[in-house]
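Below is one structure; the comments refer to it alone.
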Amino acid sequence: MRVSADDLRVRLQGRPILDGVSLSVGEGEFVGLVGPNGAGKTTLLRALAGLVPPSAGRVLLDGRPLCAVSRDERARRLALLVQSAGIGWPMRVSEVVALGRLPHRRAFAALSEADHAAVARAMARVDVTHLRERTEPSLSSGERMRVLLARALAVEAEILLADEPITALDPAHQLDAMDLLRAISRTGTGIVAVLHDLTLAARFCDRLVVLHGGRIVADAAPALALTDPLLRQAFGIAVLRGTHADGSPYILPWHRAGHTREDDHDPSGPDPVRAPDRS
């Protein structure tokens, strides 16, 4: 399965948010969406899910216009984790996670054995099984985020779209979540995740798509995408680079980088960086 954006443009309240965005994500890929605040990351994710209508361009699911795919099929094949999503009433954690099975059930039907098994797998993967009898109001923000991630995983969709999946998690659970997302991608699920932590994004993702001013300015492996000039121009930062004892490279955002007057007023942003053509 593959979800794609083709010259996608989105305007919200008359203001351009995305400007000619094209990308494609297929099975087994773990793609990080990164960029400064207001770059259009969440809007792009919601557009890929069919929740934001494009003003131009289109979203494709396996080559078919997303608008031509039924809601039921979308719900089974595309799972969405929205960072700001609330639960709304005091449901038990097990019931919240079970909501992820709705696309696989008839209206008002009881959970099947397959549903129960999927819910149990999702809770175990995100380490919330011990919370199963707790209700939503009693959860911390980090626990709530893990429960919402479990709900998205319970769908067992072919593509997972995750908006800031490690927000509010402590460092140990951030590492667990990134490890889990990478492991899920290795089983064939395509994952697109909005991330703010460049260190973790560079370490765990196969590709990074960098947005700046509503445009893609890099779409490549982390080492190719996060160049010093791009980080300076898109994020306004300088980084430290190093190599772990196991040979893995890493970067650490270190301080703000000064922009030239030309950089500050250049509407086009950094020169685009692209991975080599894989076709």
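Under the UniProt record's numbering, the sequence shown has 199 at position 199, and the numbering climbs by one with no breaks.
Quick reminder that beta carbons are idealized off the backbone N, C-alpha and C, glycines included.
This structure is a prediction, so every number in the text was calculated from the model and none was measured.
Are the beta-carbon atoms belonging to residue i and residue j less than 9 Å from one another?
i: residue 144; j: residue 177; result: no
i: residue 44; j: residue 195; result: no
i: residue 161; j: residue 49; result: yes
i: residue 154; j: residue 97; result: yes
Short of 8 Å in beta carbon distance, which residues of its chain neighbour residue i, apart from the five on each side in sequence? Order them along the chain.
i: residue 1; result: 26, 27, 61, 62, 77, 158, 159, 190
i: residue 24; result: 2, 3, 4, 5
Looking at C-alpha atoms only, which residue of the options is the closest neighbour of residue i?
i: residue 149; options: 111, 9, 125; result: 125
i: residue 201; options: 11, 66, 222; result: 222
i: residue 280; options: 205, 90, 7, 97; result: Summary: the structure shown does not reach residue 280, with the chain confined to residues 1 through 279, and so no result is reported for it.
i: residue 67; options: 52, 81, 80; result: 52
i: residue 280; options: 251, 165, 229, 16; result: There is no way to answer for residue 280, as the model of the chain reaches only from 1 to 279.
i: residue 173; options: 192, 127, 232; result: 127
i: residue 240; options: 15, 255, 233; result: 255
i: residue 247; options: 215, 203, 237, 230; result: 203
i: residue 42; options: 18, 71, 218; result: 18
i: residue 72; options: 93, 105, 56; result: 105
Output needed for residue i: all residues of its chain with C-beta closer than 6 Å, excluding positions within five of it in sequence on either side, in chain order.
i: residue 243; result: 249
i: residue 82; result: 163
i: residue 238; result: 254, 255, 257
i: residue 123; result: 97, 129, 150
i: residue 215; result: 19
Output needed for residue i: all residues of its chain with C-beta closer than 7 Å, excluding positions within five of it in sequence on either side, in chain order.
i: residue 54; result: 8, 9, 10, 47
Inset, instruction - Pick out the complete alpha helix (DSSP H) segments inside the region 141 to 222, 4 residues or longer, and give them in chain order. - result: 141 to 154, 171 to 186, 198 to 204
Inset, instruction - Taking only runs that begin and end inside the region 56 to 125, name each unbroken alpha helix (DSSP H) of 4 or more residues, in chain order. - result: Runs found: 71 to 77, 93 to 98, 113 to 125.
Inset, instruction - Please confirm if the region 26 to 34 is in contact with the region 169 to 187, defined as three or more CB-CB distances below 8 Å between the two stretches. - result: yes
Inset, instruction - Would you be able to state if there are at least three C-beta pairs under 8 Å between the region 113 to 120 and the region 89 to 105? - result: Two segments are said to touch when three or more pairs of C-beta atoms, one from each, lie closer than 8 Å; by this definition the region 89 to 105 touches the region 113 to 120.
Inset, instruction - Go through the region 3 to 29 residue by residue and report every complete run of the beta strand (DSSP E) that reaches 3 residues or more, in order. - result: 15 to 26
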